[in-house]
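Asker: Got a structure for you, questions after.
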Amino acid sequence: MLAAAPRSGWIARWLRPLRAFRLCAEAGALPLAGATIDLVFSNLMLHWHPAPHTVLAECKRVLRNDGMLLFSCFGPDTGKQLRAACAAALPDARPFPFLDMHDFGDMLVAAGFAVPVMDVDVLTLTFESPRALLREVAALGGNPRDDRRASLVSTRQAHALIDALEAQRDAAGRIPLTFEVAYGRARKRQPQTAGATRISVDRLRADLAARRR
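If you use my numbering, the sequence shown corresponds to residues 1 to 213, in order.
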């Protein structure tokens, strides 16, 4: 996929002036030197990683001082209609638990980022059929949970899932699916150097006398 992407006309025109290079790597162990990047932008990736705090720590490592991290990820209300349908039709299903944006904010602070800011948008897509909805979800990627269901669903369970989704049609006759999208930004703070300041006793007495006037 990485090799084929540049052959696309508009992608080639966009990449050429930037002199960009492509790199496929583990997000929690980036093969980049420290303090070499000005901006890290991550779009809808962070929630899939089993240890997102390690990814944020890596982002801080590769960023230069005052460099910026921008990212988006799915929040806990994403796919809530599908989770409800799975709970009714597939009781042994293990849907993926998306983290709350406040958890990501705490991770940014723990990683040492400065002034982290989190925001959220809630979007609702609608589909004309359960199968169209399921195709959209399948295109987003798999379930990275270690305890996810390992076997295929039976025909009876598949029909039960479709029926559960059919029951969620709205007034317009379409099936809704919610996407909660969290946005985060933070900067790598400048290192603070330790120092000492000496103030004479006479200076302290003078300041105290001035305050009493």
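Glycine included, C-beta positions come from ideal geometry on N, C-alpha and C. It should be emphasised that the depicted structure is a prediction, and the values quoted were computed from it without experimental measurement.
Along the beta strand (DSSP E) that carries Leu82, what are the first and last residues, could you check?
Answerer: Translated into the one-based positions of the sequence shown, residue 82 becomes position 82. That residue, Leu82, is in no beta strand (DSSP E); its alpha helix (DSSP H) goes 80-89.
Asker: Which complete beta strand (DSSP E) runs does the stretch 33-86 hold, if anything under 3 residues is left out?
Answerer: 37-43, 63-74
Asker: By the 10 Å Cβ neighbour count, where 16 or more other Cβ atoms means buried, how is Ile175 classified, buried or exposed?
Answerer: As a position in the sequence shown, residue 175 is number 175, starting the count at 1. Ile175 comes out buried.
Asker: Quick check: the Cα distance between Ala150 and Trp48, rounded to an integer number of angstroms?
Answerer: Locating residue 150 in the sequence shown gives position 150, where the first residue counts as 1. Locating residue 48 in the sequence shown gives position 48, where the first residue counts as 1. If I take the Cα positions, the gap works out to 18 Å.
Asker: Cβ atoms of Phe104 and Lys188: under 9 Å apart, would you say?
Answerer: Translated into the one-based positions of the sequence shown, residue 188 becomes position 188. Translated into the one-based positions of the sequence shown, residue 104 becomes position 104. No.
Asker: Quick test of your reading: Ala57 and Ala111, contact by CB under 8 Å. State the CB separation rounded to the nearest angstrom.
Answerer: Taking the first residue of the sequence shown as position 1, residue 57 is located at position 57. Taking the first residue of the sequence shown as position 1, residue 111 is located at position 111. About 5 Å separates the beta carbon of Ala57 from that of Ala111, a gap short enough to meet the 8 Å contact definition.
Asker: Taking Cβ to Cβ, would you say Ala28 is nearer than 9 Å to Leu177?
Answerer: Residue 28 sits at position 28 when you count from the first residue of the sequence shown. Residue 177 sits at position 177 when you count from the first residue of the sequence shown. In the sequence under discussion, the amino acid at residue 28 is Gly, which differs from the Ala named in the question. No. Outside cutoff.
Asker: Checking 9 Å against the spacing of the C-beta atoms, do Val109 and Met68 come in under that value?
Answerer: Residue 109 sits at position 109 when you count from the first residue of the sequence shown. Residue 68 sits at position 68 when you count from the first residue of the sequence shown. Their beta carbons are not under 9 Å apart, which means Val109 does not touch Met68 by this criterion.
Asker: Please say whether Met45 and Cys73 have beta carbons closer to each other than 9 Å?
Answerer: By 1-based counting over the sequence shown, the position of residue 73 is 73. By 1-based counting over the sequence shown, the position of residue 45 is 45. The answer is yes: Cβ separation under 9 Å.
Asker: Buried or exposed: which applies to Gly142, given that a residue is buried once 16 or more other Cβ atoms fall within 10 Å of its Cβ?
Answerer: Here the question's residue 142 lines up with position 142 in the sequence shown. Gly142 should be labelled exposed.
Asker: Using DSSP bridges, identify the partner residues of Ala114.
Answerer: Position 114 of the sequence shown holds residue 114. Partner residues in the beta bridge of Ala114, as assigned by DSSP, are Arg187.
Asker: So what's Ala160 in DSSP terms, helix, strand or just coil?
Answerer: To locate residue 160, count along the sequence shown from 1; it is residue 160. Note: Ala160 maps to helix in three-state DSSP.
Asker: At what residues does the alpha helix (DSSP H) containing Arg131 begin and finish?
Answerer: The sequence position of residue 131 within the sequence shown is 131, counting from 1. Counting along the chain, the alpha helix (DSSP H) containing Arg131 begins and ends at 130-140.
Asker: For Asp147, name the three-state secondary structure that DSSP assigns.
Answerer: Within the sequence shown, residue 147 is the residue found at index 147, counting from 1. Looking at Asp147 - three-state DSSP - the assignment turns out to be coil, as it is neither helix nor strand.
Asker: Am I right that Val55 and Gly34 are in contact with their C-beta atoms under 8 Å? What's the rounded C-beta distance?
Answerer: Counting from 1 along the sequence shown, the entry for residue 55 is found at position 55. Counting from 1 along the sequence shown, the entry for residue 34 is found at position 34. Going by Cβ atoms, the distance from Val55 to Gly34 rounds to 15 Å, so no, they are not a contact pair.
Asker: Note down, in chain order, each residue of its chain lying with its Cβ closer than 8 Å to the Cβ of Asp202, except the 5 sequence neighbours on either side.
Answerer: For the purposes of this step, residue 202 is identified with residue 202 of the sequence shown, where counting begins at 1. Answer for Asp202: no residue qualifies.
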